[in-house]
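Contents: one structure, followed by commentary.
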Amino acid sequence: METKKICYKCLLEDLDEKKIYSTVKEMIDSIPENEKTPEEEYRRRLGICRECDSLISGTCVKCGCYVELRAAGRTRTCPDVKNKWEP
Ligand code: SF4
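For the sequence shown, the working numbering begins at 6 and goes up steadily by one.
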């Protein structure tokens with residue numbers, strides 16, 4: 006079975022939107038289970054991002070991260086000074 010490598014050096018212009026999502030999804034899927042945010046907390050974080058003015062096309066302008074990827078890491082925090090993910 007062929008293992009696909011993630012290209013960290015690609016620019017967004019090199020990728021189409023479906024490709025970007027699938028690349029982000031691959032990165033999320035590659036996070037070890039013990040480091041991954043539980044589904045309920047993941048959805049809660051993304052719900053906050055959806056209401057946030059800093060969300061632009063899936064990217065947080067505060068840090069430049071894809072929010073779906075950032076939210077998927079258990080120990081990651083919202084980069085806003087107020088840490089909007091704080092319960
Ligand atoms: S500032 Fe926080 S809540 Fe807003 S989009 Fe970025 S990660 Fe999400």
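In this text, a Cβ means the ideal position worked out from N, Cα and C, and glycines have one as well.
This structure is a prediction, so every number in the text was calculated from the model and none was measured.
Query, Result
"8 Å Cβ cutoff met for VAL29 and LEU74", "yes"
"8 Å Cβ cutoff met for CYS68 and PRO84", "yes"
"Sheet register partners of TYR47 (DSSP bridge)", "None; TYR47 has no bridge partner."
"Check whether CYS5 and ALA76 have beta carbons under 8 Å apart", "The structure shown does not extend to residue 5, since the chain spans only 6 to 92, so no value can be given for it."
"Range of the contiguous alpha helix (DSSP H) that encloses SER27", "22-34"
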